[in-house]
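>
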Amino acid sequence: MKGHLSGNMSDKPVCVSDFEHRAKRILPKSVFDYYFSGADQQESLTENIAAFKRWRLLPRVLKDVSQVDMSTTVLGQSVSMPVCVAPTAMQRMAHPEGEIATAKACVSAATGMMLSSWATSTIEEVAEAAPGGVHWMQLYIYKDRALTQSLVRRAEEAGYKGIFVTVDTPYLGKRRDDVRNRFKLPSHLRMANFETPDLAFSSKEGYGEDSGLAVYVAQAIDPTLKWEDIAWLKKITSLPVVVKGVLRADDAREALKHGVDGILVSNHGARQLDCVPATIDALPEIVEAVGGRAEVYLDGGVRTGTDVLKALALGAKAVFIGRPILWGLACEVRQRTAAELFPNKKFYLFMFDHKIIYFAGIRVRRCQRCARIATRGTSPLISSYRMSIFGGN
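Per UniProt numbering, the sequence shown starts with residue 1, numbered consecutively.
#1: Quick check for students: name the residue ranges of the alpha helix (DSSP H) that lie wholly in the stretch 158 to 182, counting only runs of 4 or more.
#2: Which residue spans inside the stretch 58 to 91 form an unbroken beta strand (DSSP E) run of at least 3?
#3: Can at least three beta-carbon pairs, one atom from the stretch 278 to 286 and one from the stretch 35 to 51, be found at a separation below 8 Å?
#4: In terms of residue numbering, what span does the beta strand (DSSP E) encompassing D299 cover?
#5: Could you tell me whether the stretch 61 to 79 touches the stretch 104 to 113, using the rule of 3 or more Cβ pairs below 8 Å?
#6: For S238, count neighbouring C-beta atoms within 10 Å of its own C-beta (all shown protein chains included) and say buried if the count is 16 or more, exposed if not.
#7: Does the distance from the CB of A130 to the CB of K161 come in under 8 Å?
#8: Could you give the first and the last residue of the continuous beta strand (DSSP E) run that contains Q138?
#9: Distance, Cα to Cα, A311 vs C15?
#10: Rounded to whole angstroms, what's the CA-CA distance from G292 to S108? Just pull it up for me.
#11: With a threshold of 8 Å, are at least 3 pairs of Cβ atoms found where one atom belongs to the stretch 18 to 25 and the other to the stretch 267 to 274?
#12: What do you reckon, are the CB atoms on F201 and S30 nearer than 8 Å?
#13: Report the option in L199, G322 and G38 whose CA atom is closest to the CA atom of A218.
#14: Note down the Cα distance separating F220 from R190, rounded to an integer number of angstroms.
#15: Would S44 be called buried (16 or more neighbouring beta carbons within 10 Å of its own) or exposed?
#16: Look up Y142 in the DSSP assignment and give the residues it is bridged to.
#17: What does DSSP give as the partner residue(s) for L264 in the beta ladder?
#18: Quick one: residues in its chain with C-beta nearer than 8 Å to the C-beta of D261, no 5 flanking neighbours on either side, listed in chain order?
#19: Where does L115 sit, in a helix, a strand or coil, going by DSSP?
#20: Is the beta carbon of G245 sitting closer than 8 Å to the one on V287?
#21: Sort V319, K235 and I325 by Cα distance to S80 and report the nearest one.
#22: Tell me, which residues are paired with I321 by DSSP?
#23: According to the neighbour-count rule (16 or more other Cβ atoms, all chains shown, within 10 Å of its Cβ), is T169 buried or exposed?
#24: Measuring only the C-alpha atoms, how far is D64 from M70?
#25: CB D33 to CB N181, shorter than 8 Å?
#26: For R271, which of helix, strand or coil comes out of DSSP?
#27: With distance defined between alpha-carbon atoms, name the residue in R92, C331 and I123 nearest to K159.
#28: Classify E20 as helix, strand or coil using the three-state DSSP reduction.
#29: Tell me, please, whether the CB atom of W227 is closer than 8 Å to any CB atom in chain B?
#30: Kindly give me the distance between the Cβ atoms of C331 and R22, rounded to whole angstroms, as I take these residues to be in contact under 8 Å.
#31: Assign Q149 to one of three DSSP states: helix, strand, or coil.
#32: Just tell me which of R175, L225, P186 and W136 has its CA closest to the CA of R145.
#33: How should T196 be labelled, buried or exposed, when 16 other C-beta atoms within 10 angstroms of its C-beta is the threshold for buried?
#34: Starting from C106, trace the alpha helix (DSSP H) both ways and give me its first and last residue.
#35: Flag this pair as yes or no: are the beta carbons of I321 and V85 separated by less than 8 Å?
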């Protein structure tokens, strides 16, 4: 009996790493490599996760935590928890429904989803499949400004609640596994938001010996972007605009000068420039520079509930998660039931352990100062930084 129970338990994924290991067995190698890999030597990929371990929580005790409120707002939209979905591309490589499954799951969990410009489901399909959901649009600025503007218009008309413009991708980072695999989309898939084969990253196009996506980006994405282009984007939309890919305080201040509504501290999942700081290390100085004038979010390396809590304690309004969603999609591929991803916040319960908020002494989100955060003092970026979580009395 003991062995039988042990076998059952070991077969059940209970955290992000379990889902990741299972997804690696399920997905084709080129697909897993595309989702998993970082740039060059992948130092920042490792660091994004490792950096969280340098922070230590200082929890309060003897606080009434019988009633817990994890809800918050992102760009004025209510979500059930400060964990939202980042814009991972080409999700139908992991699951037949791809972004549709993710969108339905987010509605089930009452949290928000950012859709990639490079999705394998259209802007409209995602909105129609998940009515009432909170959707934001991730935007690349193309050389063809009319095309870029059309993506913004479509997002507005479909009821999306904000534009997150990626600013760290003038060219694609060198992802060695993608070069080795000569990565391109499977023949039955395409970037669904585009009509022509060249813009849809169709396998019908020739991409030479390099990563097909690297060739695509060099051909289509505008490497001349400047801050004036953020001002242009603000002029063509009434939606809130967030810059995604900021790692420096001076860039955060510049973003504020150009009227952004939020800043997403991100290194693109460590997939662009290697050897940049982990996002959790970059977060404190950006929060300080912003000074409450815009919302600040974080992605990159979030794998546990304590990671979420640490990011919030350092000033993030919410975190966005990418790869864990892909692993969840891959592991649910046989069921093909979107709601199975997050029923009753299954995602948060299984992958991120919501119980950490009880142990940290967080009673009500808006009115209890509950936890502080400290570091081991091993990082020059964060050795003297301490901050309270959740302001209020």
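Using N, Cα and C, we set each Cβ at its ideal position, and we do this for glycine too.
For clarity, every value in this text was computed on a predicted model and none was experimentally measured.
The relevant details are as follows:
#1: With a minimum length of 4 residues, the continuous alpha helix (DSSP H) runs that stay inside the stretch 158 to 182 are 176 to 181.
#2: Secondary structure remark: continuous beta strand (DSSP E) runs of at least 3 residues inside the stretch 58 to 91, in chain order: 72 to 74, 77 to 79 and 83 to 85.
#3: yes
#4: Residues E295 to D299.
#5: By the Cβ criterion, the stretch 61 to 79 is in contact with the stretch 104 to 113, since at least three pairs of Cβ atoms, one from each stretch, lie closer than 8 Å.
#6: exposed
#7: no
#8: Following the DSSP letters along the chain, one finds Q138 inside the beta strand (DSSP E) bounded by residues V134 to L139.
#9: 19 Å
#10: 31 Å
#11: no
#12: Result no, Cβ atoms of F201 and S30 do not sit closer than 8 Å.
#13: L199
#14: Correcting the residue type first, residue 220 is Ala in the shown sequence and not Phe. Each residue's Cα considered, the two are about 15 Å apart.
#15: Buried, because 16 or more other Cβ atoms sit within 10 Å of the Cβ of S44.
#16: Per DSSP, the beta bridge partners of Y142 are I221.
#17: K244 and Y297
#18: L75, G162, P240, V241, V242, A294 and E295
#19: Strand, per DSSP.
#20: Result no, Cβ atoms of G245 and V287 do not sit closer than 8 Å.
#21: V319
#22: V85
#23: T169 sits buried, since 16 or more C-beta atoms from the chains shown fall within 10 Å of its C-beta.
#24: 15 Å
#25: yes
#26: coil
#27: Contrary to the premise, residue 159 reads as Gly rather than Lys in this sequence. For the residues R92, C331 and I123, the minimum Cα distance to G159 belongs to I123.
#28: Looking at E20 - three-state DSSP - the assignment turns out to be helix.
#29: Absence of chain B from the displayed structure is noted, only one protein chain being present.
#30: 5 Å
#31: helix
#32: L225
#33: T196 sits exposed, since fewer than 16 C-beta atoms from the chains shown fall within 10 Å of its C-beta.
#34: E99 to A109
#35: yes
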